[in-house]
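Participant:
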Amino acid sequence: MNALSPESALTEEILPVFEGSGGWRVKGKTGSGWLNAPDGHQDRTQPLGWFVGWADKADGGAKRRVVFAKLAAGPGLPTPTTGMAMRDELLASIGRLAG
Numbered sequence: 257m258n259a260l261s262p263e264s265a266l267t268e269e270i271l272p273v274f275e276g277s278g279g280w281r282v283k284g285k286t287g288s289g290w291l292n293a294p295d296g297h298q299d300r301t302q303p304l305g306w307f308v309g310w311a312d313k314a315d316g317g318a319k320r321r322v323v324f325a326k327l328a329a330g331p332g333l334p335t336p337t338t339g340m341a342m343r344d345e346l347l348a349s350i351g352r353l354a355g
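The working numbering puts the first residue of the sequence shown at 257, with every later residue one more than the last.
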């Protein structure tokens, strides 16, 4: 890996680490909210959630890194933990998605 800027190194240091499927070590940040209705107010029937970050894996002698963003929006999603649900889905599928 290339050297990180001081800001990037701090981000890498403070984000939590999660164990993903397939031996991937995942770092990321969740978020949740609601979509806006046509009149501009928050529509509490339309949740959204995301999980963004990166995942590392030692692959033989090399280290692999993938960057990801997982987003879901619409009715039927868990609230107020939509972002955590996106994180859990990504952790379960990263091994299949990234190889």
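All C-beta atoms in this analysis are idealised placements derived from N, C-alpha and C, irrespective of residue type, glycine included.
(1) For Leu346, count neighbouring C-beta atoms within 10 Å of its own C-beta (all shown protein chains included) and say buried if the count is 16 or more, exposed if not.
(2) With distances taken Cα to Cα, identify the nearest neighbour of Phe274 among Ala329, Lys283 and Gly355.
(3) Just to confirm before moving on: does the CB-CB distance between Trp310 and Phe324 stay below 8 angstroms?
(4) Where DSSP assigns a beta bridge to Trp310, which residues make up the other side?
(5) To the nearest angstrom, how far is it from the Cα of Met340 to the Cα of Ala318?
Facilitator: If we stick to the structure as given:
(1) buried
(2) Lys283
(3) yes
(4) Lys283 and Val323
(5) 30 angstroms
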